[in-house]
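First comes the structure, then the notes that go with it.
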Amino acid sequence: MSIQYLGLSEINGPLVALDHVKGVGYDEIADIRLSDGTERVGRIVEISGEKAILQVFEGTKGLSLTNTKTRFTGKPMELALSEEMLGRVFSGSGKPIDGLGDIYPDKFADINGKPLNPVSRTYPRNYIRTGISSIDCLMTLIRGQKLPIFSGSGLSHNKLAVQIVRQAKIADESNQEFAVVFGAMGVKNDVADYFKKSFAESGVQQKVVMFMNLSNDPIIERILTPRCALTAAEYLAFEKNMHILVILTDITSYCEALREFSSSKGEIPGRKGYPGYLYSDLASLYERAGIAEGSTGSVTQIPILTMPNDDITHPIPDLTGYITEGQIVLDRSLDQTGIYPSISILPSLSRLMKDGIGEGYTRSDHSSVANQLFAAYAKVQDARSLASVIGEEELSEVDRKYMKFGVQFEKHFITQGFNEDRSIEETLDLGWSLLSLLPKSELDRIDEDMLNKYYDANKEDNLSD
Amino acid sequence: MNKIYSVNGPVVKVKDTKDFSMLEMVYVGERRLIGEVIGITGEFTTIQVYEVTTGLKVGEPVFNTGSPMSATLGPGIISNIFDGIERPLKEIKKTSGAFINEGSNVPAIDTEKLYDVTIEVTIGTELTGGSIYASCPETPVIRHYCMLSPFLSGKVIWTAENGKYRVNDTVCKIEDKKGKVHELTLCQKWPIRQPRPVAERLMISRPLITGQRIIDTILPIAKGGTAAIPGGFGTGKTMTQHQLAKWCDADIIVYIGCGERGNEMTQVLEEFSELIDPKTNRPLTDRTVLIANTSNMPVAAREASIYTGITLAEYYRDMGYHIAIMADSTSRWAEALREISGRLEEMPAEEGFPAYLPSRLSEFYERAGYMETLCGKEGSVTIIGAVSPQGSDFSEPVTQNTKRFVRCFWALDKSLAYARHYPAINWTTSYSEYIDDLTEFYEREAGAEFLQLRQEVSNILIEENQLMEIVKLIGADVLPDEQKLIIELARVIRVGFLQQNAYHKDDTYVPLQKQKLMMEVILTLFDRAKKALSKGVSMNEISAAGLMEKVIKIKYDIPNDKLELFEDYKIEINSVLEKLENNEEERSAV
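Just so you know, the sequences run in chain order F and P. Residue numbers for the first sequence follow my numbering, beginning at 63 and rising by one. Residue numbers for the second sequence follow my numbering, beginning at -8 and rising by one.
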């Protein structure tokens, strides 16, 4: 029988302090029983002498210095794992909330995970076809990659995420199981419903594990949500050899929860009040994507974050970009002109695509086409800013061609229907049709042989108006 | 027995003890996690722990070791991969599987492997600190020299026979002045935060040749020099460092992955074992040491990884090798400093960084240099540090302070990266202070005209930069032909010369001689076209002749071993422009 501690010595925001505590470990979990019979869960965030400071996941509302009994479990936070998790819905701290009862656990695992040894990683190479031209061609998603969506409030990131989940196909070994782990952190009720409904409609529901922390749920639980989701993902990927796509939304709410928690602990703030360890903390989530040697599964992450004030230099997107392997950036002005998906091509990037495309993966001309489209679209921006000063009629012949290319590119290549699933061949051919709008001499990223094979000045006829 | 009093993240405190010394290495808790003493007051001794502290309890023991945080130095370091405190990751994988467990205490270098040792001294030889007493082949390309600790000296009283020995076997004994006998093995320890002593710091005089045109020609770095590569995410810092690590002419590369991505380290491991070094015909791993402390590994070890890396580099420098260190990224290291400083509740300076950030940065960069070693050889350590400025803003403290301590600044530019112009080094905001030190080398090795050509190329770029201000306002069409020519030529230089394709078999590494010839052709085109313009040929005609496109493609069209082809280009430029001039003459005659 373990010791129960009666009462608390201090309550401050989500934190409580206990005195005269002996033999407890850092990060250990405690059960806090209230006098009305309800139970809450706390975690030790600091121990000093006989004083322990706990964060209470469910919040400290209703706690008093005398109405609690606290019992330490002797273990860090663990999640019960089993294949039965597929198709189930859990709270942000991993408790089933779909009314179907507890799962029968196969094993328990510490939700903080352990760092994957760099020598045990397998370098990601196989691409995931999303059926979305701009992603497949220009920022190819690779299995085992972490590729966030940088969005803003009111943009179509949720729709895009659903489309990716629905259309994502693995290029080879298609017989291998594919599942989605969905971690919602501080999302609105209707966003959560939107995802649930979309998963149900597209018939993937039985392949989805959901962890839900809504915006009115306690913030401490929000800090656990992505860790629970990733622990489930690692289990399914590395022990059950499944390919797991993890969608985490919204990282911004997560970081804000972390800031709130940090300031209530009285920590010295770094940039914009976020704790100094925000980078390490985010890394401890994002780095859990990958492929481990000795298993055939993989964890691919698509975290979604809304950039406060659409500012890509804000600490959250900034630090995320430094950890993740590229980013998909959504753009408000494209969105306003009615373009879906409103992916801003130039700042978007996939760092791993270079090794997962081309001969044997997609098509040999893929990297040349992608480079040339990037370079050409960058020139479109120059031409547009020049046109805004001197007027379009004053532009040189070549610049006018770029202007035309820009419009057609946005209209045919970026724009895509919510239900439109394009194959990689279609996407690349479309790229060539667009490049054929430009004079051959402008295509300096493509070598001669390839130009002879694919460049066709008449191809632009393929583009319907 | 000293016991833990408090735990807060990686910071552990012990109360009321006088047993510890500053920067001493300690073992914390029953699991013997590795830690280092970072603060001592009358009441508390503060320890930073290099591993995850989950489960650590108040009252668990803390063990002294009596020595500072040290690196083990000996054969077996090269082609290995370590974490931030020199634990071999491949060995850890054998004991704890794919994920890293806490308390994995494995010796840094293989203690069982036998090396073919040659004894370099005889009985009676007087040895001083740094003298070589034995050597062995460590990898097929690196010979390892065992050097006496800089603090010891004495007379050799016994040596082993030449033969096969393990790193901890005694191969030599010396007797110092006080009559004390020291047994020498193949390895030694060195405190990571202390620079290894040298005989003398020498003047910088040789470049580190990298095969990257923008670096070798425009912004060179010297052996023993320091460079910073600042750039926001996605601008290609890591890519640039990989290129340098692959191609630069250092003998040994120490690659420190400090708080970066795990997959990148996997990529380095894979690529370097596949790539063959053209100089030695052996895989690059034979001359590379990797230190991988990825962003999800404990933050205190990230702070130490930089020092571990440079200590290993200095050790090989002392043997007379030229080492290049790639530190990716020093910002993560600075953030680790900030994180620990925050946990210690120190008063923050700018942006939450501790006030001692500049002094730590300078301590690190000052460990670079071209040295005469204690054993009388010449060796160098070159540091190339990536900087990841927060918000891509170069005015943040890490970039600004780094700028004060490095002499080469390769600023990566977002707009170049967006246009997929790699390496995205901005030629107007970057600088190298080494060009004066290296003048003699360039004139001797690349010909007296090399620096002249470099200057002319730079001038065209600077002129273009000024003209672009006008073009942005009124468009390029209204410029006079001479200025259009500058803009066109600058494009040729940017696309054909500065931009370099790391995935192309010839373009990934370009010898200095080819760099020079490329500049020559570009400037021939410039001078010749200028002459044609003066004879009345219009810029449109020159552009239509396709010479620019042809020169841009030189980088792909002329293989590195067929440099004689450059002559043909010069001849063609001459003849094409001559034809245009003749046409023009005929026209005006009519």
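Glycine included, C-beta positions come from ideal geometry on N, C-alpha and C. Since we're looking at a predicted model, the values are computed, not measured.
P/Asp268 is bridged by DSSP to P/Arg273. Listed in chain order, the non-local C-beta contacts of P/Glu455 below 7 Å within the same chain comprise Ile477, Ile478, Ala481, local neighbours out to five positions each way being set aside. P/Glu330 has its alpha-carbon roughly 29 Å from the corresponding atom of F/Ile390. Annotated three-state conformation of P/Gln232 is helix, per DSSP. Listed along chain P are Tyr409, each with a C-beta nearer than 7 Å to that of F/Leu408. Listed along the chain, the chain F residues whose CB falls inside 7 Å of the CB of P/Phe224 are Gly383, Tyr384.
Here P/Arg157 carries a coil assignment [DSSP, helix/strand/coil].
Shown here, F/Ser182 sits in a helix according to DSSP, grouped into three states.
Secondary structure at P/Asp107: strand, using DSSP grouped into helix, strand and coil. P/Arg358 sits away from P/Val378, with the two beta carbons spaced by 8 Å or more. Looking at the DSSP output, F/Ile106 bridges to F/Leu116. Note that the region 270 to 283 of chain P does not touch the region 346 to 363 of chain P; fewer than 3 beta-carbon pairs, one per stretch, sit closer than 8 Å.
At a cut-off of 8 Å between beta-carbon atoms, P/Gln258 makes contact with chain F. Judged by their CB atoms, P/Phe54 and P/Tyr18 are nearer to each other than the 8 Å cut-off. Your pair P/Trp149 and P/Tyr500 does not check out as a contact, with CB atoms roughly 48 Å apart and the cut at 8 Å. Taking the Cα of P/Arg197 as reference, the smallest distance to any Cα among P/Lys463, P/Tyr425, P/Ser525 is reached at P/Tyr425. Contact check for P/Ala295 against P/Gly376 fails: the beta carbons are separated by 8 Å or more. Taking P/Phe488 as reference, the option from P/Met509, P/Lys84, P/Arg22, P/Pro502 with the minimal CA-CA separation is P/Met509. Between the alpha carbons of F/Ile306 and P/Trp324 lies a gap of roughly 32 Å. Contacts between P/Met288 and chain F, judged by CB atoms closer than 7 Å, involve Pro177 in chain order. Interface annotation for the region 436 to 460 of chain F against chain P: Phe436, Ala437, Ala440, Lys441, Ser447, Leu448, Val451, Ile452, Glu456, Leu457, Ser458, criterion Cβ-Cβ distance under 8 Å. Counting along the chain, F/Asp343 sits inside the alpha helix (DSSP H) bounded by residues 340 to 348. Scanning F/Phe119, F/Phe170, F/Arg205, F/Val103 for the CA closest to the CA of F/Gly359 turns up F/Arg205. The C-alpha of F/Pro501 is placed about 8 Å away from the C-alpha of F/Val460. Here P/Val245 is near P/Ile314, since their CB atoms are less than 8 Å apart. As for any beta strand (DSSP E) of minimum length 3 sitting wholly inside the region 366 to 451 of chain P, the runs are 369 to 378, ordered along the chain.
Sequence-ordered contacts of the region 346 to 369 of chain F with chain P read Ser346, Glu349, Gly352, Ala354, Glu355, Gly356 [C-beta pairs closer than 7 Å]. Here the region 392 to 399 of chain P does not lie against the region 224 to 235 of chain P, with fewer than 3 beta-carbon pairs under 8 Å apart. Short of 8 Å from the beta carbon of P/Asn159, and not among the five residues preceding or following it, lie these beta carbons of its own chain, in chain order: Thr102, Thr176, Leu177, Cys178.
With a threshold of 8 Å between beta carbons, P/Tyr(-4) makes contact with chain F.
The beta-carbon of F/Tyr185 is placed less than 8 Å from the nearest beta-carbon of chain P. Within chain P, the residues whose beta carbon sits less than 8 Å from that of F/Arg333 are Glu342, Gly343, Gln381, listed in sequence order. Straight-line spacing of the CA atoms in P/Thr36 and F/Lys84 works out to 21 Å. Inclusion of F/Glu387 and F/Thr184 in the CB contact set at 8 Å is not warranted, their separation being larger than that value. Neighbours of F/Ile109 in chain P, taken as residues at a C-beta separation under 7 Å, are given in chain order as Ser(-3), Val(-2), Val49.
Within the same chain, Cβ atoms closer than 7 Å to the Cβ of F/Glu329 are found at Pro337, the five residues on either side in sequence being excluded.
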